[in-house]
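Chains as they are written, first to last, in the working numbering: chain A, -9 to 352; chain B, -9 to 352.
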DNA sequence: TTTCCGCACTCAAGCGCATTAGTAGGGCAG
DNA sequence: CTGCCCTACTAATGCGCTTGAGTGCGGAAA
């Protein structure tokens, strides 16, 4: 015995009650000319009183767009839900979207193909007016796809694309200064005396992974570090731990490790703890993305602190600009500050000169 | 110079090309009687070839529902994005929704009022066909609200509601056996010899927090533990650390701590590490929700391992059943298995008998 | 006074789909 | 051959909103 829910009022109801035509109601409620201020007020009052809200489908059908933007997350389930980055980002995105009364259609898929298929379907069904794209890749097919579909999009964390003079790019981009952050991190460690630095990176197919790797190499060359290297992982804790073990087992193990996200870093810290390697006395650790996690563990992890929510907000702003008809363009996020915490300290010196630790519990 | 995007085909295009009326197309594509098998096939082929997809808004407008379900997350930004629980849950939800071609409209808001306002707006705008509700509360206003609106809903992690015989509840519920898990955790610790157990709980306004607290009390009474207690937090790492410090500073500190989520637990572990308290020799720790995090830290945290993605899938299934016209009902998740890891061990014995640790670094 | 214009508003069409009512044509019983 | 039903389809309507094309009216210009 389910109560029949209250019927939702339509513009017709308002028109009837206000004694005007539906068109007048439409004009009044959309701030269009064609109604006198008095009538407008009256209509507005009636609408308010009836609790009227425009029916999304009807709006969309008459060419107004769906008032929705999409976001697809394509990550294998294993590495999903471990980084605080995404929820923070989404939280920031929402702040901006809420102001514009835009909804966020969210989808989690397994891989890139499914992601592209989702974009196509959303486009074909007119479900979204635009999309936010994360995790830019090497030779990314998505800008072309979205550009071809004419679906407004913002690629988050991508450098400015190269386009011919006068041309405008297919989609907007919001850059995070990966190279700059890497340089700052290496600089921080170098200043502490570290000369052997290893970078435990994320998925090699992501463009930012490549940029970070390249930047490390460049910085190492600049500073004359001959023993700087990167190893890639899938962002999972298990690969983070495994990579850490492998790296520490080397003949001349690094004295400092840079991890591409917080999960990898925490896994690395656990390996150090397990081996009895003192952090930061024998080994310094840095996490790329700051998070509650980095501050929760002991010692707390040194990390670049950026305002991820603001990052999301800016991305959403770039998208709404696009929806308003602005041409696609590039925005650059400011360089975050490196916050030194307990996990980094002066490089070890003396005979041992490295994190070999007590007898390995191989 | 943006290319004009390809025009998306409509049923009219199909009708034209197949040489039939629009109605025939509609019948054919919706498996309705009224077209011969031959014509149906022809129409289907044309549709396929044109890459036709029904336009969501048009469908919705003609009474088919929006093919979208909603999910609102109402948590203060501070505690957002720290738990892997939600993304895992959403990931599971999506698996089920994808099969039914349902979209997920996602919203992050600051508080309960905003959450309710979101439901009202979605309902008024016909934006969603149903919603998934998380974080049930004491005296939760949402079931009544949603029931009154006639918006199908599944409350995740709620016990079966009390309804009069023959009546059906306003919304469906999907129960997680909080009491059972707590009993199992206490049983695990009790078997290890622990007699002084403290529960670092989450937000007191959540119903599951109260159930856990009540269950701890009941188990303690049953087992004759006089020194079991719960303290509540806001789920943040800082309160988790603070609560841990406070509890450990007591005259007779507990020998085991149960944390209501992984973030709290990791924060607690960091406090122990910082104070030089050996885990699990001097202090045992348990985290409520398993996650990569629990396995990443050292020692790894004992936790009940449940399949959170499956949980989400079941919730989505309950909702789709509702959308199919089934009456609201209750489903119960199975009791998860407790996985003992490095963070729990036998209760400390001897003169010291507790985790006072080395001189406190007050 | 007449003409014209602009304001305030109404009418009607249309967005893409579902659906109900209608219609042509063929098979079958009478 | 007529009347009837059934199948296979078409025509028309409506969902709620926007929008371009009217329409009636009062006031300013001539």
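Think of the CB as a built atom: it goes at the ideal place given N, C-alpha and C, for glycine as much as any other residue.
The structure displayed is predicted, hence computed values, not measured ones.
Is it buried or exposed for residue i, if we count other Cβ within 10 angstroms and need 16 for buried?
{"i": "residue 53/B", "result": "exposed"}
{"i": "residue 352/A", "result": "With a pLDDT of only 39 at residue 352/A, under the threshold of 50, the placement of this residue in the model should not be trusted; the figure read from the coordinates follows. Exposed, because fewer than 16 other Cβ atoms sit within 10 Å of the Cβ of residue 352/A."}
{"i": "residue 324/A", "result": "exposed"}
{"i": "residue 199/B", "result": "buried"}
{"i": "residue 316/B", "result": "exposed"}
{"i": "residue 39/A", "result": "exposed"}
{"i": "residue 271/A", "result": "exposed"}
{"i": "residue 201/B", "result": "buried"}
{"i": "residue 58/A", "result": "buried"}
{"i": "residue 11/A", "result": "exposed"}
{"i": "residue -8/A", "result": "In this predicted model, residue -8/A has a pLDDT of only 46, less than 50, meaning its place in the structure is not dependable; the value taken from the coordinates is given anyway. When all chains shown are included, residue -8/A counts as exposed."}
{"i": "residue 230/A", "result": "buried"}
{"i": "residue 131/A", "result": "exposed"}
{"i": "residue 120/B", "result": "buried"}
Among the candidates the options, whose CA atom is the shortest distance from the CA of residue i?
{"i": "residue 129/B", "options": "82/B, 85/B and 194/B", "result": "194/B"}
{"i": "residue 100/A", "options": "65/A, 34/A and 333/A", "result": "65/A"}
{"i": "residue 312/A", "options": "46/A, 216/A, 144/A and 174/A", "result": "144/A"}
{"i": "residue 250/B", "options": "225/B, 239/B, 244/B and 240/B", "result": "225/B"}
{"i": "residue 284/B", "options": "61/B, 300/B, 332/B and 184/B", "result": "332/B"}
{"i": "residue 320/B", "options": "309/B, 89/B and 59/B", "result": "309/B"}
{"i": "residue 203/B", "options": "93/B, 168/B and 80/B", "result": "168/B"}
{"i": "residue 105/B", "options": "62/B, 182/B and 136/B", "result": "62/B"}
{"i": "residue 210/A", "options": "335/A, 294/A and 179/A", "result": "179/A"}
{"i": "residue 219/B", "options": "243/B, 208/B, 189/B and 236/B", "result": "189/B"}
{"i": "residue 295/B", "options": "20/B, 172/B and 184/B", "result": "172/B"}
{"i": "residue 37/A", "options": "8/A, 55/A and 56/A", "result": "8/A"}
{"i": "residue 32/B", "options": "15/B, 275/B and 42/B", "result": "15/B"}
{"i": "residue 337/A", "options": "91/A, 255/A, 243/A and 22/A", "result": "243/A"}
{"i": "residue 111/A", "options": "86/B, 235/B, 92/B and 27/B", "result": "92/B"}
{"i": "residue 79/A", "options": "217/A, 328/A and 298/A", "result": "298/A"}
What residues from chain B crowd round residue i, counting only those whose CB sits closer than 8 Å?
{"i": "residue 115/A", "result": "43, 44, 45 and 46"}
{"i": "residue 26/A", "result": "What residue 26/A touches in chain B: nothing, since even the nearest Cβ is about 27 Å away."}
{"i": "residue 94/A", "result": "95, 96 and 97"}
What does residue i touch in chain A if you count any residue whose Cβ is under 7 Å from its own?
{"i": "residue 288/B", "result": "260, 263 and 264"}
{"i": "residue 272/B", "result": "Those within 7 Å of residue 272/B in chain A number zero; the least Cβ separation is about 15 Å."}
{"i": "residue 322/B", "result": "Correct list: empty, because the minimum Cβ distance to chain A is about 23 Å."}
{"i": "residue 84/B", "result": "97 and 98"}
Starting from residue i, find everything on chain A with Cβ-Cβ shorter than 9 Å and list it in chain order.
{"i": "residue 50/B", "result": "45, 46, 47, 48, 50 and 51"}
{"i": "residue 337/B", "result": "Near residue 337/B there are no residues of chain A at all, since even the closest Cβ is about 23 Å away, more than 9 Å."}
{"i": "residue 56/B", "result": "46 and 47"}
{"i": "residue 293/B", "result": "Correct list: empty, because the minimum Cβ distance to chain A is about 14 Å."}
{"i": "residue -2/B", "result": "113, 114, 115 and 116"}
I want to verify the contact list: residues of chain A whose CB lies under 8 Å from the CB of residue i, in sequence order.
{"i": "residue 268/B", "result": "None at all; the shortest Cβ gap to chain A is about 12 Å."}
{"i": "residue 15/B", "result": "Within 8 Å Cβ-Cβ: nothing; residue 15/B doesn't reach chain A, min ~16 Å."}
Quick one: which chain B residues come within Cβ less than 7 Å of residue i?
{"i": "residue 285/A", "result": "227"}
{"i": "residue 111/A", "result": "43"}
{"i": "residue 257/A", "result": "286"}
May I ask you to list the residues that DSSP assigns as paired with residue i?
{"i": "residue 165/B", "result": "322/B"}
{"i": "residue 359/A", "result": "An answer regarding residue 359/A cannot be provided, because it is not within the stretch -9 to 352 covered by chain A."}
{"i": "residue 277/A", "result": "249/A"}
{"i": "residue 181/A", "result": "Beta-bridge pairing links residue 181/A to no other residue."}
{"i": "residue 115/A", "result": "Partner(s): none; residue 115/A has no beta bridge."}
{"i": "residue 89/B", "result": "Answer by DSSP bridge pairing: none, since residue 89/B is not bridged."}
{"i": "residue 96/A", "result": "61/A and 94/B"}
{"i": "residue 187/B", "result": "246/B"}
{"i": "residue 329/B", "result": "293/B"}
Could you give the residue range of the beta strand (DSSP E) that holds residue i?
{"i": "residue 259/A", "result": "Counting along the chain, residue 259/A falls outside any beta strand (DSSP E), though it belongs to the alpha helix (DSSP H) covering 252 to 265."}
{"i": "residue 221/A", "result": "219 to 222"}
{"i": "residue 295/B", "result": "293 to 295"}
{"i": "residue 303/A", "result": "No beta strand (DSSP E) contains residue 303/A, which is instead part of the alpha helix (DSSP H) from 298 to 313."}
{"i": "residue 34/B", "result": "Premise fails: residue 34/B lies in the alpha helix (DSSP H), 27 to 40, not in any beta strand (DSSP E)."}
In terms of residues, what are the limits of the alpha helix (DSSP H) holding residue i?
{"i": "residue 13/B", "result": "12 to 19"}
{"i": "residue 199/B", "result": "197 to 213"}
{"i": "residue 229/A", "result": "227 to 238"}
{"i": "residue 134/A", "result": "132 to 139"}
{"i": "residue 286/B", "result": "282 to 286"}
{"i": "residue 7/A", "result": "1 to 8"}
Say yes only if the C-beta of residue i is nearer than 7 Å to one or more non-hydrogen atoms of the ligand SAM, and no if none qualify.
{"i": "residue 181/A", "result": "No copy of the ligand SAM appears in this structure; indeed no ligand is present at all."}
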